[in-house]
Amino acid sequence: MDMVISNLVAEQPVAIFSKNSCCISHTIKLLIRSFGASPTVYELDELPNGKQIERALVAMGQKPSVPVVFIGQQLVGGSNEVMSLHLKGRLVPMLIQAKAIWVFLEIGKSDSKSIDHPRVRGLCHF
Numbered sequence: 000m001d002m003v004i005s006n007l008v009a010e011q012p013v014a015i016f017s018k019n020s021c022c023i024s025h026t027i028k029l030l031i032r033s034f035g036a037s038p039t040v041y042e043l044d045e046l047p048n049g050k051q052i053e054r055a056l057v058a059m060g061q062k063p064s065v066p067v068v069f070i071g072q073q074l075v076g077g078s079n080e081v082m083s084l085h086l087k088g089r090l091v092p093m094l095i096q097a098k099a100i101w102v103f104l105e106i107g108k109s110d111s112k113s114i115d116h117p118r119v120r121g122l123c124h125f
């Protein structure tokens, strides 16, 4: 089953194993999407082999079993790990490195600087 998980996350900048019935999964999906990423989401309660995947995630040390986030094919972990990365300012750089997003702009940031490139001049500040 580990191979099944590996195949599901291969070539995906962000993959989230989730359940529709889990409010924490919903929150993590919203957080990732709020940065402009489009994660591949596997709803375990909708997949025919969802129970087996869930057992494999638990065997990998993921408790609770959802949400489980992979960024750049690397296991990040569950909601605690994702929120910790976010609070430390490390989540966005991971998303950029995995090519899940190519730029993230903080609107209203006091120390913003313009990008000086002809195609984006005046459009982007960071």
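Last residue of the sequence shown: 125 in numbering that gives the first Met the number 0, with the numbers rising by one and none dropped.
C-beta atoms are modelled at their ideal positions from N, C-alpha and C, and glycine is treated no differently.
Have a look at residue i and residue j and give me their C-alpha separation to the nearest angstrom.
i, j, result
"MET59", "VAL102", "32 Å"
"ARG97", "GLN72", "For the record, residue 97 in the displayed sequence is Ala; it is not Arg. Rounded to the nearest angstrom, the two C-alpha atoms are 8 Å apart."
"VAL75", "LEU7", "15 Å"
"MET93", "PRO47", "31 Å"
"ARG32", "GLU53", "23 Å"
"ILE100", "GLN11", "12 Å"
"ILE70", "THR39", "10 Å"
"SER17", "GLY35", "19 Å"
"ASP44", "HIS25", "13 Å"
"LYS87", "ALA9", "27 Å"
"GLN51", "ASN79", "23 Å"
Kindly list the residues whose CB is nearer than 6 Å to the CB of residue i, restricted to its own chain and excluding five residues on each side of it in sequence; keep chain order.
i, result
"LEU84", "LEU90"
"SER64", "GLU53, LEU56 and VAL57"
"ASN19", "GLU42 and ASP44"
"CYS21", "VAL65"
Do residue i and residue j have their C-beta atoms closer together than 7 Å?
i, j, result
"PRO66", "ILE4", "no"
"VAL68", "ILE15", "yes"
Taking 7 Å as the limit between beta carbons, can you name the residues of its chain near residue i, skipping five residues before and five after?
i, result
"MET2", "none"
"LYS62", "none"
"GLY49", "LEU43"
"SER37", "none"
"GLY77", "GLN61, PRO63, PRO66 and VAL67"
>> Runs of 4 residues minimum, wholly inside the region 17-83: which ones carry the alpha helix (DSSP H) assignment?
In response: 22-33 and 49-58
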